[in-house]
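Novice: In the numbering used here, the protein residues as written are 161 to 485. Quick reminder that beta carbons are idealized off the backbone N, C-alpha and C, glycines included. None of the values given here were measured: they were computed from a predicted structure. I'd like to ask you about the structure that follows.
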């Protein structure tokens, strides 16, 4: 612990130097990055319509729940303007254009922006989606915003992003696996590329938290505890369709994901255990009394969550989404 660091601003400035030095490993160069057009039919070519027809034929084999989860994932990715705006509201983050934090936020946003573009185009071409209803849900989600429980605190925000990026990696990867089993290898590949980005982003955010634990362990532990007491909610938790109450559609979306095994309450706990191990919570030193109690709560939480998850039935009620024809 660096004793002279008494504020989040000082800690983030210290971390900014580390971020600037490693930005080349945290982000991929644009010229080395994949782009959505790499995985979709090329409209310039004479065989474009044949490729679209083949895509549509493969998409027919996707189950209703799988298509619903894919659409929900896409809406989540399309709400990127909210996520970037959320970062810019965090306290003590120096956003000078040449600052490491500004470079990370812009670069992360640019990489994430490809995800919604790629999935949106796939859904448009597959012929099974009411795109207007889908677009309405996307506009609602951006307009409605979200409350992630982080206030303007970067420590809490980095706990959130460490968790959420790990969850989206898992969701996209499993959708890809199910798509491959259904015979859509092309969809599986594009989901895998998105999952790869999410996995890398999760590691970066987890590294931020790891570095903060080194210099401000008590405050970081208290932020971790606070986020876990509130429970991590996904950024699309206000998702809705036209004429549907805010948040109700998200509940049906998560039911479908749980039925498929794409993302379950057990996965939520698995991610928590992964973060506890990654951050070596049991070995953190220099904690004050309050932070020691916070650690005790965090260490005991996975067992408690598993007991609750074991009693939760898999949702059986299927829902007719307006997105799907």
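Name the DSSP beta bridge partners of residue 431, please?
Specialist: Your numbering for residue 431 matches position 271 in the chain shown. The partner list for residue 431 (beta bridge, DSSP) is empty, contrary to what the question assumes.
Novice: Please state the DSSP three-state secondary structure of residue 289.
Specialist: Stepping through the chain shown from its first residue, residue 289 is reached at position 129. Of the three classes helix, strand and coil, the one that applies to residue 289 here is strand, per DSSP.
Novice: So what does DSSP say about residue 392, is it helix, strand or coil?
Specialist: Working through the chain shown from its first residue, we reach residue 392 at position 232. Residue 392: coil per DSSP, three-state reduction.
Novice: Along the chain, where does the alpha helix (DSSP H) that runs through residue 340 open and close?
Specialist: Residue numbering aside, residue 340 sits at position 180 when the chain shown is read from its first letter. It spans 314-341 - the alpha helix (DSSP H) in which residue 340 sits, taken as one unbroken run.
Novice: Ignoring anything shorter than 4 residues or poking outside the region 201-276, list the alpha helix (DSSP H) runs there in chain order.
Specialist: Runs found: 208-219, 224-238, 240-248.
Novice: Tell me the DSSP bridge mates of residue 484?
Specialist: Your numbering for residue 484 matches position 324 in the chain shown. Answer is 289.
Novice: Closer than 6 angstroms by C-beta to residue 339: which residues in its own chain qualify, once you throw out the five before and the five after it? Chain order, please.
Specialist: Counting from 1 along the chain shown, the entry for residue 339 is found at position 179. Taken in chain order, the residues that qualify are 347, 348.
Novice: Figure out for me which residue from 319, 196, 306 has the closest Cα to the Cα of residue 277.
Specialist: Walking along the chain shown from the start, residue 277 turns up at place 117. Residue 277 has its Cα closest to that of 196, out of 319, 196, 306.
Novice: Give me the Cα-Cα distance between residue 424 and residue 451, rounded to the nearest whole angstrom.
Specialist: Residue mapping note: residue 424 aligns to position 264 of the chain shown, counting from 1. Residue mapping note: residue 451 aligns to position 291 of the chain shown, counting from 1. About 29 angstroms.
Novice: How many whole angstroms separate the CB atoms of residue 176 and residue 268, which I take to be in contact at a CB cut-off of 8 angstroms?
Specialist: Here residue 176 refers to the residue found at position 16 when the chain shown is read from its first residue. Here residue 268 refers to the residue found at position 108 when the chain shown is read from its first residue. At roughly 15 angstroms, the Cβ-Cβ gap does not stay under 8 angstroms, so residue 176 and residue 268 are not in contact.
Novice: Can you grab the Cα-Cα spacing for the pair residue 189 / residue 474, in whole Å?
Specialist: Reading the chain shown from its first residue, position 29 is the one you call residue 189. Reading the chain shown from its first residue, position 314 is the one you call residue 474. Their backbone Cα atoms lie some 42 angstroms apart in a straight line.
Novice: Go ahead and label residue 241 buried or exposed: buried means 16 or more other beta carbons lie within 10 angstroms of its beta carbon, across all protein chains shown.
Specialist: As a working mapping, residue 241 is identified with position 81 in the chain shown. Looking at its Cβ environment, which holds fewer than 16 other Cβ atoms inside 10 Å, residue 241 is exposed.
Novice: Contact check, residue 215 vs residue 288 under 8 angstroms by CB: the rounded distance?
Specialist: For the purposes of this step, residue 215 is taken as residue 55 along the chain shown, with counting starting at 1. For the purposes of this step, residue 288 is taken as residue 128 along the chain shown, with counting starting at 1. Between residue 288 and residue 215 the Cβ distance is about 11 angstroms, and since that is not below 8 angstroms, they are no contact.
Novice: Indicate the three-state DSSP secondary structure (helix, strand or coil) for residue 195 in the structure shown.
Specialist: Working through the chain shown from its first residue, we reach residue 195 at position 35. If DSSP states are grouped into helix, strand and coil, residue 195 belongs with coil.
Novice: Compare the Cα-Cα distances from residue 356 to each of 275, 472, 392, 229 and report the closest residue.
Specialist: If you number the chain shown from 1, residue 356 lands on position 196. Ranking the options by Cα distance to residue 356, first place goes to 275.
Novice: Terminal residues of the continuous alpha helix (DSSP H) containing residue 353?
Specialist: Your numbering for residue 353 matches position 193 in the chain shown. Run containing residue 353: 345-375, per the alpha helix (DSSP H) assignment.
Novice: Comparing alpha-carbon positions, which option in 448, 303, 366 lies nearest residue 326?
Specialist: Looking up residue 326 in the chain shown gives position 166. With distances taken between Cα atoms, residue 326 lies closest to 366.
Novice: At the level of alpha carbons, what is the spacing between residue 221 and residue 409?
Specialist: Your numbering for residue 221 matches position 61 in the chain shown. Your numbering for residue 409 matches position 249 in the chain shown. Answer to the nearest angstrom: the Cα atoms are 24 angstroms apart.
Novice: Taking the beta carbon of residue 481 as the centre, do at least 16 other beta carbons fall within 10 Å, making it buried, or is it exposed?
Specialist: Taking the first residue of the chain shown as 1, we reach residue 481 at position 321. By the 10 Å Cβ count, residue 481 comes out buried.
Novice: Decide if residue 162 is buried, meaning its Cβ has at least 16 other Cβ atoms within 10 Å, or exposed.
Specialist: Within the chain shown, numbered from 1, the residue matching residue 162 stands at position 2. Its pLDDT being 45, under 50, residue 162 is placed unreliably by the model, and the measurement read from it follows with that caveat. Answer is exposed; the Cβ neighbour count stays below 16.
Novice: Within this structure, are the beta carbons of residue 230 and residue 172 separated by less than 9 angstroms?
Specialist: As a working mapping, residue 230 is identified with position 70 in the chain shown. As a working mapping, residue 172 is identified with position 12 in the chain shown. Result no, Cβ atoms of residue 230 and residue 172 do not sit closer than 9 angstroms.
Novice: Would residue 272 be called buried (16 or more neighbouring beta carbons within 10 Å of its own) or exposed?
Specialist: Mapped onto the chain shown, residue 272 falls at position 112. Burial call: buried.
Novice: Where does the unbroken alpha helix (DSSP H) through residue 479 begin, and where does it stop?
Specialist: Your numbering for residue 479 matches position 319 in the chain shown. Premise fails: residue 479 is in no alpha helix (DSSP H) and is neither H nor E.
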